[in-house]
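J.: Take this structure, written in structure tokens, and hold onto it; I'll ask about it next.
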Amino acid sequence: MWKIKQIAEADFGCEERMPGEKLKCLVILEDESGNVRCLETEDEWLTEQGLNEGSEWKD
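Written out as structure tokens, the structure reads:
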């Protein structure tokens, strides 16, 4: 089972978003064995799903 270890804004300031482009987040996941996975997703989607740091991530 993967859990959300950290959520960070994926826009690092050096690149501007295109008009209409949604805010992206970098999501760092960790499983029970300490394996780490990173992915990028829309902040709006995370909010709609009710996902926060510590939440379980379903594949």
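Numbering follows our numbering, in which position 24 of the sequence shown is assigned residue number 36; successive positions increment by one, without gaps. Glycine residues also receive a C-beta, built at the ideal position from the N, C-alpha and C atoms.
Which of helix, strand or coil does DSSP assign to residue 43?
T.: Residue state, collapsed to three classes: strand.
J.: Do you know offhand how far residue 31's Cα is from residue 63's?
T.: So the alpha carbons of these two residues sit roughly 26 Å apart.
J.: Just curious, the beta strand (DSSP E) that residue 52 is in, first and last residue?
T.: Residues 48 to 54.
J.: Judging by CA-CA distance, which residue of 54, 16 and 71 is the nearest neighbour of residue 42?
T.: Among 54, 16 and 71, the Cα nearest to that of residue 42 is on 16.
J.: Hey, out of 18, 35, 51 and 21, whose CA is closest to residue 71's CA?
T.: Cα-wise, what sits closest to residue 71 is 51.
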